[in-house]
Amino acid sequence: EAWPVLERLLELRVPDEITLDTDELVSLLDHGVAALQTRGVDVLWPRSLGRDLTASTVLDRRSAPGAATSLHEEPLHTGLLSAESVFAFHWQIALHGEPLTDAEMDQLATATAPILKLRDNWTVVDPTIARKAKKRLVRTVKPVQALAAALTGVVEIEDAEQEVIVGASLLRMRDRLQNAATRAAIDPSPRLQGRLRDYQRQGLTWLVELTDLGLGACLADDMGLGKTITLIALHLHRHDHDPGAGPTLVVCPASLMGNWEAEIARFAPDEPVRRFHGTRRDLTGLRGGFVLTTYGTVRSDTASGGGQALGGVPWDLVVADEAQHVKNPASATARGLRTIASHARVALTGTPVENNLTELWAILDWATPGLLGSRNAFRKVWAAPIESGLEPTKARQFAGLIGPFLLRRRKSDPGIAPELPAKTETDHPLGLTREQTVLYEAFVRDVMERIERADPEGRRGLVLKLLTGLKQICNHPAHFLKQASGRLAGRSEKIDALDELLTTVVAEDGAALVFTQYVAMGHLLETHLTALGLPHLFLHGGLAVRERESMVRRFQDGEAPVFLLSLKAGGTGLNLTRADHVIHFDRWWNPAVEEQATDRAHRIGQTKPVQVHRLITQGTVEEKVAELLTRKRALADTVLARGEAALTELSNDDLRDLVTLRRRPG
5 EAWPVLERLL ELRVPDEITL DTDELVSLLD HGVAALQTRG VDVLWPRSLG RDLTASTVLD
65 RRSAPGAATS LHEEPLHTGL LSAESVFAFH WQIALHGEPL TDAEMDQLAT ATAPILKLRD
125 NWTVVDPTIA RKAKKRLVRT VKPVQALAAA LTGVVEIEDA EQEVIVGASL LRMRDRLQNA
185 ATRAAIDPSP RLQGRLRDYQ RQGLTWLVEL TDLGLGACLA DDMGLGKTIT LIALHLHRHD
245 HDPGAGPTLV VCPASLMGNW EAEIARFAPD EPVRRFHGTR RDLTGLRGGF VLTTYGTVRS
305 DTASGGGQAL GGVPWDLVVA DEAQHVKNPA SATARGLRTI ASHARVALTG TPVENNLTEL
365 WAILDWATPG LLGSRNAFRK VWAAPIESGL EPTKARQFAG LIGPFLLRRR KSDPGIAPEL
425 PAKTETDHPL GLTREQTVLY EAFVRDVMER IERADPEGRR GLVLKLLTGL KQICNHPAHF
485 LKQASGRLAG RSEKIDALDE LLTTVVAEDG AALVFTQYVA MGHLLETHLT ALGLPHLFLH
545 GGLAVRERES MVRRFQDGEA PVFLLSLKAG GTGLNLTRAD HVIHFDRWWN PAVEEQATDR
605 AHRIGQTKPV QVHRLITQGT VEEKVAELLT RKRALADTVL ARGEAALTEL SNDDLRDLVT
665 LRRRPG
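So my numbering is basically just the index in the sequence shown, starting at one, shifted up by 4.
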């Protein structure tokens with residue numbers, strides 16, 4: 005049954021021996037050996053007849069006609085990784101581990117018998133190896149794809165993973181990349197008006213190495229560790245070594261343009277800075293320096309008929325600050341950013357991108373296109389096996405692949421920020437008022453009945469409506485009922501707790517940041533603080549860029565002790581070290597978002613201990629999500645990474661358990 009040729013044994017009076025013809029021997033080698041092995045039958049070969057031919061995948065550069073042959077004399081950034089370079093995978097056949105010569109490969113490729121005499125010895129030739137000898141070239145690849153295979157040591161060929169033998173030219177490149185983050189730190193430009201900390205100098209050295217090779221990089225240090233000054237130092241270094249280099253384009257959220265302008269004026273006062281935003285869109289006469297623009301401007305400028313002024317500049321560097329804005333590669337913003345050419349690209353983000361592999365793919369694929377393959381190929385080859393948790397080898401290979409291109413340091417890492425003061429986090433469990441309880445239970449009852457009757461298309465919208473409404477009720481009845489005015493005190497324990505906290509902060513001559521994810525709740529708090537006579541500012545996405553920048557300066561200068569911020573507009577990039585208290589009025593679904601908001605105060609430049617307060621209503625969806633966040637905080641958990649969208653996929657029973665109010669004794 006396993007190998008039908010053996011039926012001939014049954015025809016013999018003593019079934020002890022049959023002689024195989026050529027076709028039968030080919031059949032045995034092609035699939036018979038494996039089929040018999042599955043039945044527990046081993047095939048043994050005479051010592052005089054070796055089965056010692058092996059095939060390996062070799063990766064190296066293919067020389068184009070007239071191309072230089074001495075790779076050791078080529079500058080790596082113009083030779084090995086230039087767009088004209090071509091690399092190829094090809095089969096290398098070896099006998100007893102020694103590669104065959106070209107003549108022996110030809111002999112193997114033209115052999116008609118399954119047994120061949122090589123180097124004075126007879127050897128069995130598996131048909132698969134013979135086919136590889138005939139078709140030696142597997143495929144050609146672009147330089148960055150070759151680099152990826154060199155870093156992982158494996159490649160997918162014919163739906164099977166093959167180990168790769170890397171040629172000398174790529175070995176040098178691989179070693180250089182793998183050592184980029186640990187090599188001796190370079191001195192920053194003498195034009196930099198500031199001192200880099202040791203880890204910042206190491207980050208600069210790493211960025212210089214990668215960008216000199218024309219490769220992209222993602223600097224993913226914690227918020228507040230000085231990514232901006234490191235990037236400014238990179239710009240100065242590149243222009244010191246190439247005075248004719250083009251300008252640097254910084255793409256950032258609108259609220260951070262003022263911060264970039266101030267940091268450049270502080271650390272590189274001689275570098276010209278130009279804003280390309282709003283009505284101020286003039287790039288004439290541009291020679292060097294920095295151009296600051298926003299993601300929205302990139303989207304409109306690169307859209308069809310938008311003039312595409314940014315695409316016409318020979319940029320040296322393009323920098324994506326808060327690079328999570330390009331995490332959706334299908335968005336108009338991400339597509340527009342990809343059309344802007346430059347010598348190298350740098351992504352800056354404080355988001356722990358390792359918690360979301362698809363987001364990481366989008367950022368690294370922008371910085372170094374092709375490194376991780378297409379999105380679908382990435383999901384198949386890397387994301388799915390790693391997220392399943394069943395293939396630890398894949399996780400190690402992936403770490404080897406992205407390691408040279410992603411540098412992440414945390415405030416808690418030894419020696420990174422020893423001068424940073426302590427951070428204390430406190431959860432404040434609060435109850436619901438009677439008004440909130442009635443609203444909460446009635447809303448759960450009403451919407452859950454509609455969810456259980458809804459079709460799949462309408463169900464998702466209803467679940468999001470339920471979650472949003474319940475969080476608004478937990479904040480304050482006026483928030484849910486859309487009451488713009490009226491009494492706030494006494495209707496929500498969150499308001500009472502906030503009053504107590506802010507009274508203490510002001511009495512101690514401190515300052516506080518108060519975050520809410522809802523602009524409407526921010527306006528209610530603004531009205532409440534005004535009634536209390538408590539000086540405050542409120543930053544949200546509806547403000548013009550200049551207004552936001554003015555508010556940041558006024559808060560840092562001490563004009564008001566309380567700074568209300570919408571989480572989306574004020575949760576990233578801002579430097580608000582005057583605050584020594586951070587209050588999260590409501591909870592977000594992803595702990596990384598809250599941590600970024602907290603890092604507005606707990607960052608380099610902070611001299612006082614920072615106290616973080618989270619207001620959580622007990623027994624509600626808010627508390628249950630808080631428990632999830634605590635339990636899953638350090639994990640690459642797909643539900644938390646995807647936020648509310650994942651919660652819409654819960655079953656009706658699980659959803660009801662999540663939102664049903666848990667009554668407490670007494």
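C-beta: ideal position from N, C-alpha, C; glycine also.
Terminal residues of the beta strand (DSSP E) in which residue i lies
| i | result |
| --- | --- |
| Thr430 | 427 to 434 |
| Ile119 | 119 to 122 |
| Leu321 | 319 to 325 |
| Glu551 | Where Glu551 is concerned, there is no enclosing beta strand (DSSP E), although the alpha helix (DSSP H) it sits in stretches over 549 to 560. |
| Val37 | Not the beta strand (DSSP E): Val37 falls in the alpha helix (DSSP H), residues 37 to 42. |
| Asn380 | Run containing Asn380: none in the beta strand (DSSP E); it sits in the alpha helix (DSSP H), 379 to 382. |
| Val168 | 164 to 170 |
| Thr209 | It is not in any beta strand (DSSP E) - Thr209 instead sits in the alpha helix (DSSP H) that spans 202 to 216. |
| Trp126 | 125 to 128 |
| Glu160 | 158 to 161 |
| Gln615 | 614 to 621 |
Residue i, enclosing alpha helix (DSSP H) - first and last residue
| i | result |
| --- | --- |
| Trp7 | No alpha helix (DSSP H) contains Trp7, which DSSP labels as neither H nor E. |
| Asn479 | 460 to 479 |
| Ser60 | Element bounds for Ser60: not the alpha helix (DSSP H) but the beta strand (DSSP E), 57 to 66. |
| Thr301 | 299 to 306 |
| Leu99 | Note, Leu99: premise wrong, no alpha helix (DSSP H); beta strand (DSSP E) at 90 to 99. |
| Leu287 | From DSSP, Leu287 is part of no alpha helix (DSSP H); its letter is neither H nor E. |
| Thr114 | 106 to 114 |
| Thr362 | 361 to 371 |
| Phe280 | That residue, Phe280, is in no alpha helix (DSSP H); its beta strand (DSSP E) goes 277 to 280. |
| Ser392 | 388 to 392 |
| Gln600 | 595 to 602 |
For residue j and residue i, believed in contact at Cβ under 8 Å, the rounded distance
| i | j | result |
| --- | --- | --- |
| Ala573 | His544 | 5 Å |
| Arg607 | Met227 | 6 Å |
| Ile367 | Ala327 | 5 Å |
| Leu229 | Lys415 | 7 Å |
| Gly526 | Ser570 | 6 Å |
Pairwise C-alpha distance: residue j and residue i
| i | j | result |
| --- | --- | --- |
| Gly575 | Val629 | 20 Å |
| Ala313 | Asp658 | 51 Å |
| Asn183 | Asn594 | 34 Å |
| Leu63 | Leu174 | 8 Å |
| Asn579 | Leu619 | 23 Å |
| Val302 | Ile161 | 39 Å |
| Ser554 | Val168 | 57 Å |
| Asp431 | Gly490 | 28 Å |
| Val566 | Arg604 | 14 Å |
| Arg667 | Pro481 | 19 Å |
| Leu141 | Thr61 | 10 Å |
| Gly609 | Asp225 | 16 Å |
| Gly419 | Ala426 | 15 Å |
| Arg406 | Asp244 | The residue asked about is misnamed: residue 406 is Ile in this sequence, not Arg. Looking at the two C-alpha atoms, the distance is approximately 29 Å. |
| Val663 | Leu471 | 8 Å |
| Ala249 | Arg285 | 22 Å |
| Ser31 | Trp49 | 16 Å |
| Asp34 | Pro118 | 10 Å |
| His76 | Val518 | Model confidence at His76 stands at a pLDDT of 31, short of 50, so the residue's coordinates are unreliable; what they give is reported in the following sentence. In a straight line, the C-alpha of His76 is about 58 Å away from that of Val518. |
| Ala107 | Thr116 | 16 Å |
| Pro251 | Gly293 | 5 Å |
| Ala488 | Arg660 | 31 Å |
Contacting residues, own chain, Cβ-Cβ under 8 Å from residue i (five flanking each side not counted)
| i | result |
| --- | --- |
| Val45 | Ala6 |
| Val350 | Leu211, Thr215, Gly220, Ala221, Cys222, Leu223, Leu235, Leu238, Leu321, Val322, Val323, Ala324, Ala371 |
| His532 | Leu492, Ala493, Ile499 |
| Ala307 | Ala336, Gly340 |
| Pro530 | The displayed chain sequence assigns Glu, not Pro, to residue 530. Closer than 8 Å at the Cβ level, and outside the excluded window around Glu530, lie His540, Phe542, Leu568. |
| Gln111 | Leu120, Leu122 |
Cutoff 7 Å; reference residue i; Cβ partners in own chain excluding five residues on either side
| i | result |
| --- | --- |
| Leu13 | Pro19, Ile22 |
| Phe484 | Leu443, Gly473, Gln476, Ile477 |
| Arg552 | Ser259, Leu543 |
Same chain only: Cβ atoms within 6 Å of residue i, ignoring 5 sequence neighbours per side
| i | result |
| --- | --- |
| Thr144 | Val90, Ala92 |
| Gln206 | Ala189 |
| Glu28 | Val9 |
| Leu181 | Pro408 |
Contact with chain C by residue i, beta-carbon distance below 8 Å
| i | result |
| --- | --- |
| Arg550 | Going by chain labels, chain C is absent from the structure shown, which holds only one protein chain. |
Subject >> In chain order, each beta strand (DSSP E) run of at least 3 residues that lies wholly inside the region 487 to 575 >> reply: 516 to 520, 540 to 543, 566 to 570
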